[in-house]
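To start, the structure under review is shown below, and the notes come after it.
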Amino acid sequence: MENESHGMMWIFAGLNLIFLCCAGGLLFFLIFESYPIFKLQGFGFWLGQDWWVGEAYGALPMLYGSSLVTALACLLVLPLALAVAIFTSEFLTSTSRRCVKAVLELLAGVPGIVYGLLGVSFLSLWIKDVFGLLDGNTLATAGCLLAIMILPTVLTLSEDAMRAVPSEYRDNALGLGLSKWQVATAVVLPQAMPGIMGAVLLGIGRAMGETIAVMLVVGGLDRIPDPWFNIFSSAQTIPSKLGREAAESIGEATHWSALMALGLTLFIMVLLINFIGNRFLKRRSIS
Amino acid sequence: MFRVLLFLWVAIGVIPFPASADHSPKIEIVGSTTVLPIASRAAERFEKVERVEKNKSSHRLRILVNAGGSGVGIHSVAKGRSDIGMASREISPSERKRFEGSHLKVHTVGVDAVACVISSEIYDAGIHDLTRQEIRHIYLGKIQNWKEVGGPDRKIVVVDKERHRGTRHAFMKFIFGNPIAKTPGTILVTGSNNEEQTKIAQSDSAIGMLSSAWINDEVRAIGIRDKKNIANPTRETIRKGNYPIVRNLSFITAGEPTGEIKAFLEFLKSPEGQQVVEESGYIPFT
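Sequence order for the protein chains is A and B.
Counting from 1, one number per residue, gives the positions in the first sequence under the working numbering.
Counting from 1, one number per residue, gives the positions in the second sequence under the working numbering.
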């Protein structure tokens, strides 16, 4: 028995190593493939605003579009997710809670293309009509669509985090005479905060990487909106750019390298957000 | 425990191999969404003909047709990722140079017109033709409102296509004299003909470019005006050569085609294949 568990441990350690190598290999591959464009344009790649295949490759519009769309999605999702998570976790009976969770988890598994098609056929038209726009394919549409897409994930994980707060905390607080509402917001919510942050980070990761749904509604225009905060204009995100141009560029040295550099940028952005999120969580838990 | 795991591992790893062996011949076609209707229709008929002729169910020919755009079609056939590429434009000099080693061969099967299209609302409001100059100014952002060209007071939604698309090459070559012209007036960028058709239909003040086979009641083609002459993209004018924006629809192979691929391309050029071209909404190439 002792021997067997020892063998298992080695297998698990080996698997662990394989996954580590995969992540490292991916990063290495991206850096290697995008090296030519950085050699050609230097860090100006991130500051350039023009993307003309064969002439110049500037990533700023895509960087901007990705950041803005993700920020929009987060802004829309956070209050909604918190409200519903508090209600589901603290105020619903366990049967109805399970129903809500089942539906949410079902929604979380719907593929991006389905949301994308719904976005093209309904959301973009609604947004166009509601805001009286020239056209419905905008950053705002993409942000809303992403918010809808990541809502189930963020919600169900936030709710899990809140359920994970030990019931003694609630009982004690109730025993001290706090109302149910106070218990939920002043006791459970702060305790669950790290978990909720984790849920949001996961949501951000999905929002940043979402390709097809965004591609269909964002407008595909490689230009920073004018003025820059105009969320009702078309723009471009990194994954959408990759989706539109990758197939055409395979084997074409500079173009491919520029696209890989975009991929690398996205990779770094997600890493940075996770890193900042972790730092933020640590500081909170110490204080 | 360990032995069970090992057994499962081996079992899962080994079982799929015999099942995945598949030796029936297969032709993969990738590229232009304009040529795609011809390819998929022809593929269906050709498979039927093959089956009758050879009468061997074990060796059924399968033809897989995928979209992607002319640029993707030329790329994938040159790189050996597909057997036949579809293109609705010429192979550009830079592509010729890059894929010199692949000996790309073009098999033209039909002719298509690229129409300048507008939303039906604008068409109904009285705009039925534009000059080359006007279209150029719209795409440059110098004309931003329909009233400047005699239409209603509404901003123009300028729809462009991805830069490698064949339809864009033909259109921009005529409008700007440069197939890869820059268009600062653009508001939306789309990919396939279907995508562009949908976006223009959803808008009530859009202008764009589409293959003539995609024109319908929601997306109306307008004429190109040159002094007093107006050329509309009708079958008649295209056939007579009176419409200015036409391009060849082609299938591309790397080197001389052989075997099944050769047979398929010959089928496309035969009267029956040309019938398919006609049915798809294009002009047969003769």
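The beta-carbon is built from N, C-alpha and C at its ideal position, and this holds for glycine as well.
As the structure is a computational prediction, the values presented were derived from the model and not from experiment.
So which residues of chain B does residue i contact, with C-beta pairs closer than 9 angstroms?
i        : result
A/TRP52  : ARG163, ILE180 and LYS182
A/LEU221 : ASP160, THR186, ILE187, LEU188 and VAL189
A/LEU134 : ARG154, LYS155, ILE156, VAL157, ILE187, SER203 and SER205
A/VAL120 : GLU195, THR198, LYS199 and GLN202
A/ARG244 : GLU162, VAL189 and GLY191
How would you list, in chain order, the residues of chain B whose beta-carbon sits under 7 angstroms from the beta-carbon of residue i?
i        : result
A/GLU248 : GLY69, GLY71, VAL72, HIS75 and HIS164
A/SER234 : ILE187 and LEU188
What distance in whole Å lies between the Cβ atoms of residue j and residue i, which are believed to be in contact at a cut-off of 8 angstroms?
i        : j        : result
A/ILE305 : A/LEU216 : The displayed coordinates of chain A run from 1 to 287. Any statement about residue 305 of chain A would go beyond what the structure contains.
A/ALA192 : A/VAL183 : The pair is not a contact, with the Cβ atoms about 12 angstroms apart (cut-off 8 angstroms).
B/ALA87  : B/ILE252 : 6 angstroms
B/GLY281 : B/ALA213 : 3 angstroms
A/TYR115 : A/ILE148 : 7 angstroms
A/SER34  : A/SER240 : The pair is not a contact, with the Cβ atoms about 18 angstroms apart (cut-off 8 angstroms).
A/LEU155 : A/VAL69  : That pair is no contact at about 20 angstroms.
B/LYS97  : A/TRP52  : Actually they do not touch by this definition, with Cβ atoms about 19 angstroms apart.
A/THR88  : A/VAL100 : 5 angstroms
A/GLY209 : A/THR153 : Contact doesn't hold; Cβ gap of about 13 angstroms is too wide.
A/THR237 : A/MET62  : 6 angstroms
A/THR254 : A/ILE37  : 6 angstroms
Less than 9 angstroms between the beta carbons of residue i and residue j, yes or no?
i        : j        : result
A/GLY219 : B/VAL189 : yes
B/LYS26  : B/ILE63  : yes
B/ALA42  : B/LEU249 : no
B/ASP160 : B/ARG168 : yes
B/ILE200 : B/ALA206 : yes
A/GLU248 : B/GLY71  : yes
A/SER66  : A/LEU189 : no
B/GLY177 : B/VAL158 : no
B/ASP83  : B/ILE261 : yes
B/PRO244 : B/ILE230 : no
B/ALA78  : B/SER102 : yes
B/ARG235 : B/VAL117 : no
B/GLY80  : B/VAL30  : no
A/ALA161 : A/ILE196 : yes
A/GLY119 : A/ALA140 : no
A/ALA235 : A/TYR64  : yes
B/PRO233 : B/VAL114 : yes
A/LEU104 : A/GLU55  : no
B/LEU61  : B/PHE46  : yes
B/GLN274 : B/PHE285 : yes
Report the partner residues of residue i according to the DSSP bridge assignment.
i        : result
B/ILE143 : Looking at the DSSP assignment, B/ILE143 forms no beta bridge with any residue, so it has no partner.
B/ARG247 : B/ASP112
B/ALA206 : B/VAL157
B/HIS107 : B/PHE251
B/THR190 : B/LYS161
B/SER211 : B/VAL114
B/ALA221 : B/VAL117
B/ILE283 : B/VAL111
B/GLY177 : According to DSSP, which records beta bridges pairwise, B/GLY177 is partnered with nothing at all.
Pick helix, strand or coil for residue i, following the three-state DSSP scheme.
i        : result
B/THR131 : strand
B/ARG165 : coil
B/GLY101 : helix
B/ASP226 : strand
A/ILE231 : coil
A/TYR57  : strand
A/VAL84  : helix
B/VAL117 : strand
B/LEU61  : coil
B/LYS182 : coil
B/LYS79  : coil
B/VAL30  : strand
A/ARG279 : helix
B/ASN66  : strand
A/ASN274 : helix
A/GLY44  : helix
B/ILE84  : strand
B/ALA39  : helix
Please list the partners that residue i has in chain B, where partner means a Cβ-to-Cβ separation under 8 angstroms.
i        : result
A/ASN137 : LEU188 and LYS199
A/LEU125 : GLN202
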